[in-house]
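Reviewing the structure listed below.
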Amino acid sequence: MAVKDFIRERFFPHIWCAGCGHGIVLNSLLRAVESLGMSKNEIVMVSGIGCSSRISGYLDFHTLHTIHGRALAFATGVKLSRPELNLIVPMGDGDALAIGGNHFIHAARRNIDITAIVMNNRIYGMTGGQFSPLSGCGIMATTAPYATVDQGFDVVELSRAAGATFVARSTTYHVQQLTKLLREAILHEGFSVVEVLTQCPTYFGRRNKQGGAVEMMNWFKDHTTPVGSKAKAENPDLIERGIFVQKDLPEYCKAYDQVIERAQKGK
Amino acid sequence: MKSNVKFVQGNEACVEGAIYAGLKFFAGYPITPSTEIAEALSARLPQVGGKFIQMEDEIASMCAIIGASLTGHKVMTATSGPGFSLKQEALGYAVMAEIPCVVVNVQRGGPSTGNPTHVAQGDVMQARWGTHGDHAIVAMTASNHQDVFAVTVEAFNIAETYRTPVVLLFDEVVGHMREKLVIPAPGEIPLVERLHTSVPGGVDYHPYLPREDGRLPMSDFGGVHRYNVTGLFHDMWGFPSDNPGVVHGLLRHLVDKIENNTYQMARYKEFCLEDADTVLVSYGSSARSALHVVRNRRARGERLGLLELQTLWPFPAAIVREKCARARSVVVVEMNTGQIMREVKAAVSDPERVFLANRIDGTLITPTDIRNILRLIQGRGV
Ligand SMILES: Cc1ncc(C[n+]2csc(CCOP(=O)(O)OP(=O)(O)O)c2C)c(N)n1
Ligand code: SF4
Ligand SMILES: [Mg+2]
Chain A
454 MAVKDFIRER FFPHIWCAGC GHGIVLNSLL RAVESLGMSK NEIVMVSGIG
504 CSSRISGYLD FHTLHTIHGR ALAFATGVKL SRPELNLIVP MGDGDALAIG
554 GNHFIHAARR NIDITAIVMN NRIYGMTGGQ FSPLSGCGIM ATTAPYATVD
604 QGFDVVELSR AAGATFVARS TTYHVQQLTK LLREAILHEG FSVVEVLTQC
654 PTYFGRRNKQ GGAVEMMNWF KDHTTPVGSK AKAENPDLIE RGIFVQKDLP
704 EYCKAYDQVI ERAQKGK
Chain B
371 MKSNVKFVQG NEACVEGAIY AGLKFFAGYP ITPSTEIAEA LSARLPQVGG
421 KFIQMEDEIA SMCAIIGASL TGHKVMTATS GPGFSLKQEA LGYAVMAEIP
471 CVVVNVQRGG PSTGNPTHVA QGDVMQARWG THGDHAIVAM TASNHQDVFA
521 VTVEAFNIAE TYRTPVVLLF DEVVGHMREK LVIPAPGEIP LVERLHTSVP
571 GGVDYHPYLP REDGRLPMSD FGGVHRYNVT GLFHDMWGFP SDNPGVVHGL
621 LRHLVDKIEN NTYQMARYKE FCLEDADTVL VSYGSSARSA LHVVRNRRAR
671 GERLGLLELQ TLWPFPAAIV REKCARARSV VVVEMNTGQI MREVKAAVSD
721 PERVFLANRI DGTLITPTDI RNILRLIQGR GV
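Set out below in C-alpha cells:
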C-alpha cells in the first residue's frame, strides 16, 4: 500500500502552519506503518487536543479525536476492550504531560500495549504560544514575557521511571531514525513512548529568536547526538537520540486474561 | 441451582441490572457511597468474559468507557459527587460524539467532599447541566432495589436506542440499604442491542447520518468502516466543521433526539392519584417516605397521592402537569433545596400551589417531616 493510501484527502488542506514539524511526524509515522504492512482496519489512532492532535483526522484509520490530555485514557478503553487492535496515540507536549501527565504515567505503569508519541515543540501551539511543562527554564512564551522559571520534564526519564517498557527519542531533522524508532515502538508489546523534538516556528521559534523551520531543524541537528556517543561525554548539554529502554514485561491486556481465567475457574 | 432471589444492597442491584443488560466493560475509581458497584463488578465482569479496570481517576474512567463503547461493548462507570464533577467534560464528549454509555452517580451530600457517607439528592441539576454548552441529557433514578434493577436495564436500552450517555442518579440510602431483589429470567425485560450499520465495507458509511427513524447505526472500531470521532462540531462523516448550518443542525439534533422523545423515556409510578387533592411528587429514597405518608393518610380517609418520578431528565413536564391538574396542593419531596420543585412549578398551571418538603442535613427525610409540611399547608400549624 502506498503511503498516500493512508491519508484522508477529504480532510485537507491541513491546519498546520508552513514549516510546522507536525507534518514531518505524520510522514514518518505513515512510512513506519506502511513498512509494517499493517491493515488500516487494525489501527486505532487516539489523540487529544492541540495542533499535534489534529494528526488523527488526516489519517484513514479508526480515529478518535478526544479532549485535552485524556487521549491515553480513551485509548486504554479501546485497547482493553479489543486487545487485538493496534493503538497509536500522538500527543502534544502539553497534552501528554501537563493536563495528561497523570494518564501518561499510569498508562506506562500498567504497561498496556499502546504506542505513545509525544510531539514535543516545547510550547502550546494551538492556544498561541504559552509555555509548557517541557519548555524548560529561560524560555520566552506568551505567558512568560520575562522568560520561564519553571523546570521542564525529561520525557525519557519520566517514562522510564513510570514503567514504560520502550522509550525512544528523535527529532524531525532525523526522519530516517524517527521512522525506524516508530516502527520499533509499534512492534513493541507493552507501553512504548517515542518523544519527537519538533518545531513550532510560529510561536516557539519566533519568541525565542530561533529563526524559521530550517534554522530550528538545524538546531536539532547540532544539539543532539546518538545515545551513548562520545560527543555526549564531551558535551553533556547535548540531547541524546535513540532507544533508551527496551524490555519485556507482562503486558496489561494479556495479564487481564489471567484475571478472567481465575474468575471463571470456580464456575 | 442458584436462586434468583437475593438480599442485596442497592448498589448490587444496579450491578445485577447492568450484567443482565449485557454490560461488558466497566472503568471506575473508588468513592463512597458508590464503591460497592466497582467492587462487585471487579468480581462479576471477568466471570462473564467482560473487563473491569480501576483507572487513575474519574476522568480517566469516563474516557475509558467511551473508548470501550466504540469497540461495540455496553459500558458503565460509577461514582459519587466529587467524581461526578470530574467526569463532566468527558460526559459532554459522549453527548457530542453520541456514544452510548451509562454513568452512575450514587449521590452523597455536597458541595465539595461534603458528607460522604450520608444521603442527599443535590446533583439533580448537575446531572442536567453539569457539562458545558447547550445539550440534552437523560437521567433516571429509583427508590427500591427491584426498580434500581429495572431502571439500570432501561438506562442501557435508552443509551443504545438514542446513542447517548444516560445518568443513573441513585442516592446513598438506596445504594446501601439491603432489600429483596428478584432477578428476572433472561428475556423477561427486553434488551436493546447495539444497532450496527448494514452498509457493507468499501461503501461510504456516514456515522452521523440519522436513518429515517432518527437512529444512528454504528460501526465498531476495528470493523470495516474507518471513520472519525471528535468532540468538535462535525458533519455526517465525523469531520470537524464550523459551518453555521452544520453547527446548528448538529446541536438541534442532539437536543431534539432526547427532548422529542420525553414521553417515550418517561418512567414513573403513581399511587392513589385518581382522586387525590394533595399530590406528593418525589423520587429516589425520598419517595419511600412519601409513599409511607400516602398509605397512612389513605388509611385515615385523606385524599393523598404520590407521583414517583424515575425519569428526571428529560423532565416529563406534560405528565406532571396532567397528574397534578386536579390537586389543590402539590408537595415536592426531595433532599435538596428544591431542584425538582422548580421544574414542577414550571410544569403545572398554578405554581402557587406547589410546596417543598425537604431535608438537607444528610439524614433521610422522614414521614414526620412530610406530615409537618402538610399540616402547614392545611393551615393546622406544626
Ligand atoms: C480542558 C482544556 N483546557 C485547555 C484547553 C485549551 N488548549 C487546547 S490545545 C492546548 C495546548 C496544546 O499544546 P500541546 O499539547 O503542546 O500541542 P501543540 O498545539 O503544541 O501541538 C490547550 C491548553 C482545552 N482544549 N481543554
Ligand atoms: S502553531 Fe506551531 S504547532 Fe501549531 S501548527 Fe503552527 S507551527 Fe505547528
Ligand atoms: Mg506543544
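Line by line, the protein sequences give chains A and B. Numbering (the numbering used here) for the first sequence: 454 to 720. Numbering (the numbering used here) for the second sequence: 371 to 752. C-beta atoms are modelled at their ideal positions from N, C-alpha and C, and glycine is treated no differently.
Query: Check W607 of chain B in the structure and name its three-state DSSP category.; Result: coil
Query: Consider the C-beta atom of Y577 of chain A and the heavy atoms of ligand 5; say whether any pair is separated by less than 7 angstroms.; Result: As for ligand 5, it is missing from this structure, which binds only ligand 1, ligand 2 and ligand 3.
Query: Using 7 angstroms as the cut-off, classify the Cβ of D546 of chain A as near or not near the heavy atoms of ligand 3, replying yes or no.; Result: yes
Query: Can you tell which of A:I541, A:H627, A:F644 has its C-alpha closest to the C-alpha of V698 of chain A?; Result: A:F644
Query: Kindly confirm or deny that the region 541-548 of chain A and the region 496-516 of chain A touch, where touching means at least three C-beta pairs closer than 8 angstroms.; Result: yes
Query: Could you name each continuous beta strand (DSSP E) segment of 3 residues or more that falls completely within the region 532-573 of chain B, going from the start of the chain to the end?; Result: 535-541, 548-552
Query: With V497 of chain A and L540 of chain A assumed to form a contact (beta carbons below 8 angstroms), what rounded beta-carbon distance in angstroms separates them?; Result: 5 angstroms
Query: Could you give the first and the last residue of the continuous beta strand (DSSP E) run that contains N666 of chain B?; Result: First-last for N666 of chain B: 656-669, but that is the alpha helix (DSSP H), not the beta strand (DSSP E).
Query: Output, in chain order, the set of chain A residues within a Cβ distance shorter than 8 angstroms of V594 of chain B.; Result: N494
Query: Under a Cβ-count criterion, where at least 16 other Cβ atoms within 10 Å of its own Cβ denotes burial, should M711 of chain B be classed as buried or exposed?; Result: buried
Query: Can we count S450 of chain B as close to ligand 3, meaning its CB is less than 7 angstroms from some heavy atom?; Result: no
Query: Is the beta carbon of V647 of chain A sitting closer than 8 angstroms to the one on I570 of chain A?; Result: yes
Query: Would you say the beta carbon of G503 of chain A is closer than 7 angstroms to some non-hydrogen atom of ligand 3?; Result: yes
Query: Is D513 of chain A close to chain B, meaning its C-beta is less than 8 angstroms from at least one C-beta of that chain?; Result: yes
Query: Report the residue from A:G510, A:Q652, A:R636, A:F606 whose alpha carbon sits nearest the alpha carbon of S488 of chain A.; Result: A:R636
Query: Find the residues of chain A that neighbour G453 of chain B, judging by a C-beta separation of less than 8 angstroms, and give them in chain order.; Result: Per Cβ cutoff of 8 angstroms: no residues; G453 of chain B is ~14 angstroms from chain A at best.
Query: Which same chain residues, not among the five before or five after M593 of chain A, have their C-beta less than 6 angstroms away from its C-beta?; Result: A600, R660, N661
Query: What do you get for L661 of chain B, buried or exposed, if any count of 16 or more other CB atoms within 10 angstroms of its CB means buried?; Result: buried
Query: CB of V574 of chain A to nearest heavy atom of ligand 2: below 7 angstroms?; Result: The residue asked about is misnamed: residue 574 of chain A is Asn in this sequence, not Val. True, at least one ligand heavy atom lies under 7 angstroms from that Cβ.
Query: Would you say the region 411-424 of chain B touches the region 504-519 of chain A, given that touching needs at least three Cβ pairs under 8 angstroms?; Result: no
Query: Within 10 angstroms of the Cβ of S652 of chain B, are there 16 or more other Cβ atoms? Answer buried if so, exposed if not.; Result: buried
Query: Nearest CA to the CA of F591 of chain B: which residue from B:A520, B:M495, B:S439, B:R637?; Result: B:S439
Query: In the structure shown, what three-state DSSP assignment does I565 of chain A receive?; Result: coil
Query: For A717 of chain B, tell me which candidate among B:F685, B:L602, B:Q748, B:S455 has the shortest Cα-Cα distance.; Result: B:F685
Query: Say whether chain A places a C-beta atom closer than 8 angstroms to the C-beta of V616 of chain B.; Result: no
Query: With burial defined as no fewer than 16 other Cβ atoms inside 10 Å of the residue's Cβ, what is the status of Y575 of chain B: buried or exposed?; Result: buried
Query: Quick check on V523 of chain B: does DSSP put it in helix, strand or coil?; Result: helix
Query: Under 7 angstroms from any heavy atom of ligand 1, does the C-beta of I552 of chain A make it?; Result: yes
Query: Relative to the alpha-carbon of D645 of chain B, which residue among B:G675, B:R414, B:P610 has its alpha-carbon at the smallest distance?; Result: B:G675
Query: With 16 as the cutoff for other CB atoms within 10 Å, does I614 of chain B come out buried or exposed?; Result: Ile is not the amino acid found at residue 614 of chain B; the sequence shown has Pro there. Counting Cβ neighbours within 10 Å, P614 of chain B comes out exposed, since fewer than 16 surround it.
Query: Locate the alpha helix (DSSP H) running through H475 of chain A, then write down its first and last residues.; Result: 475-489
Query: Can you find a heavy atom of ligand 3 that lies under 7 angstroms from the Cβ of S500 of chain A?; Result: no
Query: Per DSSP, E495 of chain A forms a beta bridge with which residues?; Result: Paired residue(s): none; E495 of chain A is not in a bridge.
Query: Just how far apart, CA to CA, sit G591 of chain A and R523 of chain A?; Result: 29 angstroms
Query: Can you grab the Cα-Cα spacing for the pair R414 of chain B / F519 of chain B, in whole Å?; Result: 16 angstroms
Query: When the distance is taken between beta carbons, is L479 of chain A closer than 8 angstroms to C706 of chain A?; Result: no
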